[in-house]
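Undergrad: Quick one: structure below, then a few questions.
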Amino acid sequence: MRNVKWLSELWKDKKRLVLFLVLFSVANAFLAVAYPLYMRAVIDAVKEKAGMEAVSRNVLILLLLGVTNFVVYSVMQGTRAWMNIRFERDIRQRVFTHLIHLGRNFFHKYRTGDIVTRLTDDISTEIKLSWFACSGIFRTVEALCIIVLGLLAMIRLSPLLTLAAVGPLPVLIVIFMWTSSAVQSRYERLQQRISDVNAHMEACFSGIRVVKAYRRENAQKTGFHGVMDRRKNAEIDAVKVGTIIESMYGYIWQFGVIIVLLVGGKMVMDGSLSIGTLVAFDAYVFLLVFPMYDIGSFFVQGKRAGVSIARLLEMEDVKPEVAETDVPKALPSMLGALRFENVTLSFAREGAKVLDGVSFEAKPGELVAIVGRVGSGKTSVVNLIPRLFDPTDGEIYIDGVSTRELDLETLRTLVGLVPQEPLLFSDSIESNIRFHRDWITRDEIMQASEVARLTEEVEQFPQGFQTTIGQRGATISGGQKQRVALARALAGRPKILILDDCTASLDAETEAALWAGLHQVFPHCTTLVISHRSATLERADLILVFERGKIVERGTHPELVSKRGVYHTLYELGKLEEEVGRDWGK
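For my numbering, add 1127 to where a residue sits in the sequence shown, where the first one is 1.
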């Protein structure tokens, strides 16, 4: 029933269009069913020598019926094709809009290739979901109209012959009941195999540099051949079963033609049936062959559409982990004062606490450095600020207002995030910096680029800021990617800036110039930086040292070094890594 409800929601604001398609389906069926009656009239008029006037009149009616049927059918088919394409767009937009609001747990559970398959192949207009939502349904409505009107006409001509013609019907009902589950299971398996293929390609191409570095091209090729073979086998299996069932609906019905010819021929020879009536009756039986095939196709494609709907509903049922507040509060000021108050975080997948009782304050204009070993909770802390996910317990305040009580749009405009791995898109450098924020002016982009120490290098490119950088920034260096991502964050003029180890690929001179520019242009911006770079730590107003999700030390650089605790160890290791890096550079 959920599948039916899901389909009905597509049509709920299109009642006039539904009425239009139903009326045209009935009209098309009426015209198709009327044709054999006038064909009978022509044959009987010729046989009975009724005169050319009667023959000509009925031939003219046949001609008008044919032309009208052509016009009605063409309009109906064109409308259905247009709606198939429209549904494909609407369904994709609806599901995509839902997905981009989901959190980390969803994207950990579903592979990218699987999501892409559900948004493309499952919805495709080519005899799949969007096709079934309109053409599949209304072809069946048309088929039922033809069958009902055709059977009424056949009963009017000869009840006995009608009974003989519908003899194969019980066989078709048994076939449907017997094959229903087999068809569904095969299409479920096929859609999963298609997901596997897309997931393999996505993983291979997104990590192509690693594949080449380890010379694993042949291994990837072998793996791809494997998933393609499994898809091929699943598709052959599904198509084989589906084709057999669809064909049975058409061909078994044709046994009715043989029965009609045998019984009807005897009735003509007995004189109880005219030759024109037999020809008309035979035409009706042939007329019903394709509608019976369409009904068979409806059952088969309905199972496939049901599988696709279930796969989409599975994703649509996932609720966003971060919910918008019903009545958002306005910030009394826009200063960027940040406070964590006894914040705890745990994920269902990991089980244990990722953060445990974290509390600290960052005042406007302060630079707060966050350090700790791998897995200590550093990135989780900063991801909580723009509410990429919410804490399990505790509160985070900006200018005295809980982030849960702020509108997400407002909150994420206040916060600029530069992740450890810069995510760039195949577009111009300027578009990557603006990132669909139309309110950002070109002057602001230029200023952000200047602070990020990007302008001088970009202006050396032939097309400057209009240079297309390729997927994930493949055509520029690691340091340039980091600075484009930084310029993107700064262009929005955030009150809170988060830098997740994004200075790691910058040399000391560029990093020093970056901090100087930030302090000059954004003096009141609260900055949180995850870093082990000695120059960064030494200039920080506050350093937070994380260990297993807790803050184990806090203070300024001189204070923490003098304690000779966890921070001292991490600081010395960081300096050693920098020295080794400089030696290798030489």
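Glycine included, C-beta positions come from ideal geometry on N, C-alpha and C.
The structure presented is a predicted model; accordingly, all values stated were derived computationally and were not measured.
Between which residues of its own chain and D1634 is the CB-CB distance below 7 Å, once the five residues before and five after are set aside?
TA: none
Undergrad: Going by CA-CA distance only, name the one from S1257, L1645 and S1201 that's closest to R1219.
TA: S1257
Undergrad: Is the beta carbon of Y1162 closer than 9 Å to that of A1410?
TA: yes
Undergrad: Along the beta strand (DSSP E) that carries D1409, what are the first and last residues, could you check?
TA: Taken as a continuous stretch (DSSP letters only), D1409 belongs to no beta strand (DSSP E), being part of the alpha helix (DSSP H) at I1402 to L1414.
Undergrad: So, at 8 Å on beta carbons, what are the nonlocal neighbours of G1712 in its own chain, with the 5 sequence-adjacent residues on each side left out?
TA: Interpretation of G1712 is limited by its pLDDT of 48, a score under 50 that renders its predicted location unreliable; no figure is taken from the coordinates.
Undergrad: For the pair the stretch 1668–1688 and the stretch 1497–1508, tell me if three or more CB-CB distances fall below 8 Å.
TA: yes
Undergrad: Going by alpha carbons, who is nearest to T1595 out of A1662, D1520, F1552 and D1627?
TA: F1552
Undergrad: Distance, Cα to Cα, S1262 vs A1208?
TA: 7 Å
Undergrad: Shorter than 9 Å from the beta carbon of R1358 to some beta carbon of chain E?
TA: This model lacks chain E altogether, as it is built from one protein chain only.
Undergrad: Considering just the uninterrupted stretch of the beta strand (DSSP E) at I1273, what are its terminal residues?
TA: Segment I1264 to L1284 is the alpha helix (DSSP H) holding I1273; no beta strand (DSSP E) there.
Undergrad: On the DSSP bridge assignment, give the partners of G1543 in chain order.
TA: L1624
Undergrad: Are the CB atoms of S1435 and I1250 within a distance shorter than 9 Å?
TA: Taking 9 Å as the cut-off, the beta carbon of I1250 is found closer than this to the beta carbon of S1435.
Undergrad: Identify every residue that forms a DSSP beta bridge with E1583.
TA: According to DSSP, which records beta bridges pairwise, E1583 is partnered with nothing at all.
Undergrad: Could you work out which residue in T1349, K1456 and M1419 is closest to L1533 when comparing CA atoms only?
TA: K1456
Undergrad: Are I1282 and V1160 close, meaning C-beta to C-beta below 9 Å?
TA: no
Undergrad: Measuring straight from C-alpha to C-alpha, what distance separates A1181 and D1171?
TA: 10 Å
Undergrad: Figure out for me which residue from R1531, V1366 and P1549 has the closest Cα to the Cα of Q1609.
TA: From the listed residues R1531, V1366 and P1549, the smallest Cα separation to Q1609 is found for P1549.
Undergrad: Along the chain, where does the alpha helix (DSSP H) containing G1383 start, and where does it finish?
TA: F1382 to D1397
Undergrad: Taking its Cβ as the centre, do 16 or more other Cβ atoms sit within 10 Å of E1536, making it buried, or is it exposed?
TA: Exposed.
Undergrad: As a quick exercise: from L1187, V1243 and F1265, pick the residue whose alpha carbon is nearest that of L1146.
TA: Of all alpha-carbon atoms in L1187, V1243 and F1265, the one lying nearest the alpha-carbon of L1146 is that of F1265.
Undergrad: Tell me the start and end of each unbroken alpha helix (DSSP H) in the stretch 1216–1259 that is at least 4 residues and wholly inside, in chain order.
TA: 1231–1236 and 1239–1246
Undergrad: What separation, rounded to the nearest whole angstrom, lies between the Cα atoms of F1417 and N1325?
TA: Answer to the nearest angstrom: the Cα atoms are 36 Å apart.
Undergrad: I need the straight-line Cα distance from L1164 to L1405, nearest angstrom please.
TA: 11 Å
Undergrad: According to the neighbour-count rule (16 or more other Cβ atoms, all chains shown, within 10 Å of its Cβ), is I1714 buried or exposed?
TA: A question about residue 1714 goes unanswered here, because the residues of the chain that appear run from 1128 up to 1713.
Undergrad: Only counting the same chain, and skipping five residues up and downstream in sequence, which positions put a Cβ closer than 6 Å to that of A1361?
TA: R1316, L1317 and R1320
Undergrad: For a test of the three-state rule: what should DSSP assign to D1483, helix, strand or coil?
TA: strand
Undergrad: Compute the Euclidean distance between the alpha carbons of M1328 and F1234, then round it to the nearest angstrom.
TA: 17 Å
Undergrad: Terminal residues of the continuous alpha helix (DSSP H) containing T1637?
TA: A1635 to V1648
Undergrad: Using only the alpha-carbon positions, how far apart do L1187 and S1312 sit?
TA: 52 Å
Undergrad: What does the Cβ neighbour count give for W1566, buried or exposed, with the cut at 16 atoms within 10 Å?
TA: exposed
Undergrad: Based on the DSSP secondary-structure assignment, which residues constitute the bridge partners of F1467?
TA: F1487 and I1523
Undergrad: Can you check whether the CB of K1505 is closer than 9 Å to the CB of D1323?
TA: It is not a contact, given that the beta carbons lie outside the stated cut-off.
Undergrad: How about the stretch 1225–1241 and the stretch 1440–1449: do they share at least three Cβ pairs that are nearer than 8 Å?
TA: yes
Undergrad: Residues bridged to L1472 by DSSP?
TA: L1482
Undergrad: In terms of alpha-carbon separation, which member of A1464, P1491, I1512 and P1447 lies closest to I1227?
TA: P1447
Undergrad: Y1420 by DSSP, collapsed to three states: which one?
TA: helix
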